[in-house]
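Residue numbers (the working numbering), protein chains in the order written: chain A, 424 to 745; chain B, 424 to 745; chain C, 424 to 745.
Beta carbons: idealized from backbone N, C-alpha and C, even for Gly.
Note that the structure is a prediction, hence the values are computed from the model and not measured.
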Amino acid sequence: MGTQESNEVNKLVDDILADYKRGRDIDKMMAYNMPDQEAVRTITKKLIRMLLPGFYRDKFYKSYSEYGNLIVLIEDVLYNLSKQIGIVLRYQFYSENPDGEVDDEKINAQAYCLALTFCNRIPMIREYVNTDLEATFRGDPAAFNKDEIILSYPGILATTINRLAHELFLLNVPLIPRMMTEYAHSKTGIDIHPGATIGKYFFIDHGTGVVIGSTTEIGEHVKVYQGVTLGALSTAAGQALHGVKRHPTIEDNVTIYSGASILGGETVIGHDSVIGSNAFITKSIQAGTRVTIQNQELVFKDKDGSIIESNDLEQGAWFYVI
Amino acid sequence: MGTQESNEVNKLVDDILADYKRGRDIDKMMAYNMPDQEAVRTITKKLIRMLLPGFYRDKFYKSYSEYGNLIVLIEDVLYNLSKQIGIVLRYQFYSENPDGEVDDEKINAQAYCLALTFCNRIPMIREYVNTDLEATFRGDPAAFNKDEIILSYPGILATTINRLAHELFLLNVPLIPRMMTEYAHSKTGIDIHPGATIGKYFFIDHGTGVVIGSTTEIGEHVKVYQGVTLGALSTAAGQALHGVKRHPTIEDNVTIYSGASILGGETVIGHDSVIGSNAFITKSIQAGTRVTIQNQELVFKDKDGSIIESNDLEQGAWFYVI
Amino acid sequence: MGTQESNEVNKLVDDILADYKRGRDIDKMMAYNMPDQEAVRTITKKLIRMLLPGFYRDKFYKSYSEYGNLIVLIEDVLYNLSKQIGIVLRYQFYSENPDGEVDDEKINAQAYCLALTFCNRIPMIREYVNTDLEATFRGDPAAFNKDEIILSYPGILATTINRLAHELFLLNVPLIPRMMTEYAHSKTGIDIHPGATIGKYFFIDHGTGVVIGSTTEIGEHVKVYQGVTLGALSTAAGQALHGVKRHPTIEDNVTIYSGASILGGETVIGHDSVIGSNAFITKSIQAGTRVTIQNQELVFKDKDGSIIESNDLEQGAWFYVI
Numbered sequence: 424m425g426t427q428e429s430n431e432v433n434k435l436v437d438d439i440l441a442d443y444k445r446g447r448d449i450d451k452m453m454a455y456n457m458p459d460q461e462a463v464r465t466i467t468k469k470l471i472r473m474l475l476p477g478f479y480r481d482k483f484y485k486s487y488s489e490y491g492n493l494i495v496l497i498e499d500v501l502y503n504l505s506k507q508i509g510i511v512l513r514y515q516f517y518s519e520n521p522d523g524e525v526d527d528e529k530i531n532a533q534a535y536c537l538a539l540t541f542c543n544r545i546p547m548i549r550e551y552v553n554t555d556l557e558a559t560f561r562g563d564p565a566a567f568n569k570d571e572i573i574l575s576y577p578g579i580l581a582t583t584i585n586r587l588a589h590e591l592f593l594l595n596v597p598l599i600p601r602m603m604t605e606y607a608h609s610k611t612g613i614d615i616h617p618g619a620t621i622g623k624y625f626f627i628d629h630g631t632g633v634v635i636g637s638t639t640e641i642g643e644h645v646k647v648y649q650g651v652t653l654g655a656l657s658t659a660a661g662q663a664l665h666g667v668k669r670h671p672t673i674e675d676n677v678t679i680y681s682g683a684s685i686l687g688g689e690t691v692i693g694h695d696s697v698i699g700s701n702a703f704i705t706k707s708i709q710a711g712t713r714v715t716i717q718n719q720e721l722v723f724k725d726k727d728g729s730i731i732e733s734n735d736l737e738q739g740a741w742f743y744v745i
Numbered sequence: 424m425g426t427q428e429s430n431e432v433n434k435l436v437d438d439i440l441a442d443y444k445r446g447r448d449i450d451k452m453m454a455y456n457m458p459d460q461e462a463v464r465t466i467t468k469k470l471i472r473m474l475l476p477g478f479y480r481d482k483f484y485k486s487y488s489e490y491g492n493l494i495v496l497i498e499d500v501l502y503n504l505s506k507q508i509g510i511v512l513r514y515q516f517y518s519e520n521p522d523g524e525v526d527d528e529k530i531n532a533q534a535y536c537l538a539l540t541f542c543n544r545i546p547m548i549r550e551y552v553n554t555d556l557e558a559t560f561r562g563d564p565a566a567f568n569k570d571e572i573i574l575s576y577p578g579i580l581a582t583t584i585n586r587l588a589h590e591l592f593l594l595n596v597p598l599i600p601r602m603m604t605e606y607a608h609s610k611t612g613i614d615i616h617p618g619a620t621i622g623k624y625f626f627i628d629h630g631t632g633v634v635i636g637s638t639t640e641i642g643e644h645v646k647v648y649q650g651v652t653l654g655a656l657s658t659a660a661g662q663a664l665h666g667v668k669r670h671p672t673i674e675d676n677v678t679i680y681s682g683a684s685i686l687g688g689e690t691v692i693g694h695d696s697v698i699g700s701n702a703f704i705t706k707s708i709q710a711g712t713r714v715t716i717q718n719q720e721l722v723f724k725d726k727d728g729s730i731i732e733s734n735d736l737e738q739g740a741w742f743y744v745i
Numbered sequence: 424m425g426t427q428e429s430n431e432v433n434k435l436v437d438d439i440l441a442d443y444k445r446g447r448d449i450d451k452m453m454a455y456n457m458p459d460q461e462a463v464r465t466i467t468k469k470l471i472r473m474l475l476p477g478f479y480r481d482k483f484y485k486s487y488s489e490y491g492n493l494i495v496l497i498e499d500v501l502y503n504l505s506k507q508i509g510i511v512l513r514y515q516f517y518s519e520n521p522d523g524e525v526d527d528e529k530i531n532a533q534a535y536c537l538a539l540t541f542c543n544r545i546p547m548i549r550e551y552v553n554t555d556l557e558a559t560f561r562g563d564p565a566a567f568n569k570d571e572i573i574l575s576y577p578g579i580l581a582t583t584i585n586r587l588a589h590e591l592f593l594l595n596v597p598l599i600p601r602m603m604t605e606y607a608h609s610k611t612g613i614d615i616h617p618g619a620t621i622g623k624y625f626f627i628d629h630g631t632g633v634v635i636g637s638t639t640e641i642g643e644h645v646k647v648y649q650g651v652t653l654g655a656l657s658t659a660a661g662q663a664l665h666g667v668k669r670h671p672t673i674e675d676n677v678t679i680y681s682g683a684s685i686l687g688g689e690t691v692i693g694h695d696s697v698i699g700s701n702a703f704i705t706k707s708i709q710a711g712t713r714v715t716i717q718n719q720e721l722v723f724k725d726k727d728g729s730i731i732e733s734n735d736l737e738q739g740a741w742f743y744v745i
């Protein structure tokens, strides 16, 4: 590398290092005080293997006994999850006490306790996952069998990761739950906030574009198709709305077809209702109601542009499914 | 680790291991009797390299001759695909004969024969991929050239993986075809069931949110944009509908714009038709028809909320493209 | 392997190698003359770490000093980016002069110069990313803090990668910019062409299904939600439209809610306007306008199918947000 080139490189490095020192939020230099995205993804994958031990080939250990592997897996997850939780607890302490001095022993004990409490909920989470699997198999005529669903369906993956992240969210662990659900979002196109509460027998089909907001409450035996939004109304207040219930409540046995939007914290969809494709709902619906869009007026023209016919098609969307 | 901690961990491990023994579908312990998701993804990537040998840098072999590498690649795919097919054939045998005794030699020969039959279709599949590339280049003004399409377009990736998975589907190989298409779904947001039949010169633009159901039939020179659903009507019967034709037939030279839904096994879109954005179609359309949504009534208000104007916009969606 | 098997394999290999020699676009054998997808992804990840040095754990170097690592990182990116740019410049030269003889020294110097020019824009790009972070935090009530946004939000990731790719696009580097944005598309479901021009304080929420075309111009303080298309009209001319302005212009302080489509190169959305969910816009909107869909007529039926009520719901979509 010639002198001129090396001068150019030195100048580039100096300029960028100087830019890092401007004290903006993007200029933070605390890499080792932040949870590690790769570590969180790895823990999430291992947690899925703990939930579905027979469906994921062992990448991590060389032991021969399946149960031997699983014991090692459980201890591994407990150790690494404690470590990441410890990082976020320190992160939280210093955010709130910039000049404070963290008590490492206390933080480590607290982190370990949270990880253990979380892991003790694994059998409960597995019970939920088993109901989601049942609902998915019953709901999708294309499913070959339940094993195919576990091995390949994005809906079951996103729901399972959300059930894990939701428990960490309930334990007030910062940052990590959303990192887990965004890992699921990236893999599946299904965006469920870890704050959302979801009952048993939940079925998402296809799922790309599904958005479920942080204060959504969903009952049991609910079916959701691709492109459904369970969202909020009014953002004017911005961060002032943090924590306020602003997403809908969906009661038991509700089906919501593709592209429908249900918005607002006071919107309640009564049990046994069906919301048709592309319906846009901002008020409550009484139990047992079927809602569809009336009269999507279509125009049929031939190649010369002259109208063949115009018809009012009632979208029979409540009996629509892939 | 103190005694108390180790007791807690032992209890956790015992509880989870006990939970694995409850005999539910999620409690299966047959990891090595299941196809491996990582192995299927790796085979899929190598198959894409076999289809497009000049566009994927060699990660697998250190040989110097390009053709030498390709020979090794072909033998590698044949070997690993046979292995995974053998796993699913055993899986299928034991699903149907829980108390049976599999004939390993017979299964291995059958698996090898299926993998070889599949690989012999590679030149035919490449012929299809070449037509999809041609259609994509002609259809997208933003395309720099065909190499850019192969190197970066999600539509060509999803279509190519579907053409591979569809051939395995036709050979009645269980589980693996859907694992391949869900790999494509995860990478592209395009969800095409391996059962779907797709003619030459198929073009998907952008593609996020596209859903194409298992019994869909698509002709030649068909264009599909983001968010299009080719789906089914009526799910009431659930698994009873398995195998029944419940997704539409799209004839040659049809264009379907973004967000349109076409539903039902008896719905036929006649050749040379154009379906406008967001149209919701549940009945057949005669050849050469242009369908659009009439009159999406828009309201224009100023900041005080008083109406400026209200207009009936005919969605000129049949000439819409990105 | 028996003789018969080996004959079958040899025939398979011969058939496929013969198929590679048919001279179609898919038959190119120039792997080492093409940019490497893995290399481009790795460079993109390292560039993101250069932009946000405190948020990505170091995977690449073992040095202990954070700044020491960053110096190595900057030199690493400069070296590898020069290498990939060199490959595409050679690629471009031979595309234009099939029988020409490339001047390696000249190409290498040109590639290095382009990589250096690009890297010198990193501080400017960081300034933009900082404004996007600010806009995202202000706009999303669910955000815990800015660190959570950087660590997990897909919108900030897709926008950041687009800001990087756009600078390479402006330097007329072929292939690589689109490879970078399609990497973002694959991770986030957000499809922004590197040609799109985007002002400061850009906020994409959720983002799955967003499509922003190559000649789109976006002002400052613009908010976009999931499923929004900023697209083009008329594709009849196909490749003849390459480079023509065919996507809309969005002025400052515009909010575009989920599922809205804004189409056409002459369509201008005036500053401080709000476009409601699912609106389909193909003409210009004057400044300060709120556009919503009027009267999505919904039908409410009970289980026996008898109509409970039918109402005209005005989509209050301009105040809708997740």
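Would you kindly check if the distance between the Cβ of residue 645/B and the Cβ of residue 681/B is under 8 Å?
On the second sequence, position 258 is the one that residue 681/B refers to. On the second sequence, position 222 is the one that residue 645/B refers to. No, the pair does not count as a contact, with Cβ atoms beyond the cut-off.
- N- and C-terminal bounds of the beta strand (DSSP E) containing residue 652/B: The residue you call residue 652/B lines up with position 229 of the second sequence. Residue 652/B -> beta strand (DSSP E) spans 652 to 656.
Q) Are residue 720/A and residue 693/A closer than 8 Å when you measure CB to CB? A) Along the first sequence, one-based indexing puts residue 720/A at 297. Along the first sequence, one-based indexing puts residue 693/A at 270. No.
- Item | N-terminal and C-terminal residue of the alpha helix (DSSP H) that residue 514/B is part of | Translated into positions along the second sequence, residue 514/B becomes position 91. Note, residue 514/B: alpha helix (DSSP H), 489 to 519.
Q | Own chain residues within Cβ distance below 6 Å of residue 503/B, not counting five before or after | A | Walking along the second sequence from the start, residue 503/B turns up at place 80. Correct list, in chain order: 466.
- Item | Members of the region 533 to 556 of chain B near chain C, C-beta cut-off 7 Å | 539, 542, 543, 545, 546, 549, 552, 553, 556
Requested in this report: For residue 465/A, decide whether its Cβ has a neighbour in chain C, counting only Cβ atoms nearer than 8 Å.
Outcome: Counting from one through the first sequence, the residue named residue 465/A turns up at place 42. No, residue 465/A does not count as interfacial toward chain C.
Under 8 Å between C-beta atoms, does residue 586/C make it to chain A?
The residue you call residue 586/C lines up with position 163 of the third sequence. Closer than 8 Å: no.
To which residues of the same chain is residue 484/C closer than 6 Å at the C-beta, ignoring the five residues directly before and after it? Residue numbering aside, residue 484/C sits at position 61 when the third sequence is read from its first letter. Confidence is the limiting factor: at residue 484/C the pLDDT is only 48, short of 50, which leaves the residue's position unreliable, though a coordinate-based value still follows. The answer, listed in chain order, is 492, 495.
Determine the DSSP secondary structure at residue 676/C, reduced to helix, strand or coil.
-> By 1-based counting over the third sequence, the position of residue 676/C is 253. Coil at residue 676/C, not helix or strand.
| task | Name the one or two DSSP bridge partners that residue 640/A has. | result | Numbered from 1 along the first sequence, position 217 holds the residue referred to as residue 640/A. Looking at the DSSP assignment, residue 640/A forms a beta bridge with 620/A, 672/A.
- Item | Assigned secondary structure, residue 631/A (DSSP; H/G/I helix, E/B strand, else coil) | Here residue 631/A refers to the residue found at position 208 of the first sequence. Coil, per DSSP.
Nearer than 7 Å: is that true of the beta carbon of residue 536/A relative to any heavy atom of the ligand SAH? By its list of ligands, the structure shown contains no ligand whatsoever, and the ligand SAH lies outside what it can speak to.
Run through chain C and tell me which residues come within less than 7 Å of residue 746/B, C-beta to C-beta. Past the edges of chain B, shown from 424 to 745, lies residue 746/B, and the structure says nothing about it.
message = Give me the DSSP bridge partner(s) of residue 604/B.
response = Position 181 of the second sequence holds residue 604/B. DSSP, once it has assigned bridges, lists no residue as partnering residue 604/B.
- Query: Mind checking residue 527/B: buried by the 16 CB within 10 Å criterion, or exposed?
  - Reply: Taking the first residue of the second sequence as position 1, residue 527/B is located at position 104. Residue 527/B should be labelled exposed.
- prompt: Any chance the region 561 to 570 of chain C sits against the region 605 to 618 of chain C, with 3 or more Cβ pairs inside 8 Å?
  reply: no
Between the CA atoms of residue 622/C and residue 642/C - distance to the nearest angstrom: As a position in the third sequence, residue 642/C is number 219, starting the count at 1. As a position in the third sequence, residue 622/C is number 199, starting the count at 1. Rounded to whole angstroms, residue 642/C to residue 622/C spans 5 Å at the Cα level.
Check your understanding: Short check: CB of residue 613/C to CB of residue 577/C, under 8 Å?
Key -> Here the question's residue 613/C lines up with position 190 in the third sequence. Here the question's residue 577/C lines up with position 154 in the third sequence. Their beta carbons are under 8 Å apart, which means residue 613/C touches residue 577/C by this criterion.
Report task. From the DSSP output, in three-state form, read off residue 438/C for me. Result -> Counting from one through the third sequence, the residue named residue 438/C turns up at place 15. Residue 438/C: helix per DSSP, three-state reduction.
Can you find the residues in the same chain that come closer than 7 Å, C-beta to C-beta, to residue 464/B, ignoring five residues on each side of it along the sequence? On the second sequence, residue 464/B is found 41 positions in, with the first residue counted as 1. 606.
(request) Take the Cβ of residue 500/A as the centre, count every other Cβ of all protein chains shown within 10 Å, and call the residue buried at 16 or more, exposed below. (result) The residue given as residue 500/A occupies position 77 in the first sequence. Per the 10 Å Cβ criterion, buried.
request  = Compute the distance between the beta-carbons of residue 639/B and residue 671/B, then report whether it is under 8 Å.
outcome  = Position 216 of the second sequence, counted from the start, is the residue given in the question as residue 639/B. Position 248 of the second sequence, counted from the start, is the residue given in the question as residue 671/B. Yes. Within cutoff.
TODO: To the nearest angstrom, report how far apart residue 428/B and residue 600/A are at their CA atoms.
DONE: The sequence position of residue 428/B within the second sequence is 5, counting from 1. The sequence position of residue 600/A within the first sequence is 177, counting from 1. Using only the alpha carbons, I get a separation of about 25 Å.
(message) Would you say residue 650/C lies against chain A (beta-carbon separation less than 8 Å)?
(response) Taking the first residue of the third sequence as position 1, residue 650/C is located at position 227. Judged by the 8 Å Cβ criterion, residue 650/C is in contact with chain A.
Next item on the list: Could I get the ranges of all uninterrupted beta strand (DSSP E) runs contained in the region 532 to 613 of chain B, with 3 residues as the minimum, in chain order?
Entry: none
Are the C-beta of residue 720/B and some C-beta of chain A separated by less than 8 Å?
The residue given as residue 720/B occupies position 297 in the second sequence. Residue 720/B does not count as touching chain A.
Inset, instruction - Tell me residue 697/A's beta-bridge partners as DSSP assigns them. - result: As a first step, residue 697/A is located in the first sequence; it is residue number 274 there, counting from the start. Answer is 678/A, 713/A.
Per-residue contacts from residue 475/C into chain A (C-beta, under 7 Å): Within the third sequence, residue 475/C is the residue found at index 52, counting from 1. Going along chain A in sequence order, the residues near residue 475/C (Cβ under 7 Å) are 449.
Quiz item: Between residue 439/C and chain B, is there a C-beta pair that is closer than 8 Å?
Solution: Here residue 439/C refers to the residue found at position 16 of the third sequence. By this cut-off, residue 439/C is an interface position.
Taking only the alpha-carbon atoms, compute the straight-line gap between residue 634/B and residue 697/A and give it to the nearest angstrom. Taking the first residue of the second sequence as 1, we reach residue 634/B at position 211. Taking the first residue of the first sequence as 1, we reach residue 697/A at position 274. Going from the Cα of residue 634/B to the Cα of residue 697/A covers about 21 Å.
Problem set entry | 8 Å Cβ cutoff, residue 506/B in contact with chain C | Here residue 506/B refers to the residue found at position 83 when the second sequence is read from its first residue. No - not a single Cβ of chain C is within 8 Å of the one on residue 506/B.
In whole angstroms, give me the CA-to-CA distance for residue 446/A and residue 530/C.
Indexing the first sequence from 1 puts residue 446/A at position 23. Indexing the third sequence from 1 puts residue 530/C at position 107. Cα to Cα, residue 446/A sits roughly 39 Å from residue 530/C.
- My guess is that residue 478/B and residue 457/C are in contact by the Cβ rule of under 8 Å, so how many angstroms apart are they, rounded? Position 55 of the second sequence, counting from 1, holds the residue named residue 478/B. Position 34 of the third sequence, counting from 1, holds the residue named residue 457/C. Their Cβ separation, rounded to whole angstroms, is 6 Å, which keeps residue 478/B and residue 457/C in contact under 8 Å.
Quiz item: Cβ of residue 656/B within 8 Å of Cβ of residue 685/B?
Solution: Indexing the second sequence from 1 puts residue 656/B at position 233. Indexing the second sequence from 1 puts residue 685/B at position 262. Cβ atoms of residue 656/B and residue 685/B: not closer than 8 Å.
TODO: Could you say which of 626/A, 538/A, 556/A lies nearest to residue 591/A if we only look at CA atoms?
DONE: Residue mapping note: residue 591/A aligns to position 168 of the first sequence, counting from 1. Nearest of 626/A, 538/A, 556/A to residue 591/A, Cα basis: 538/A.
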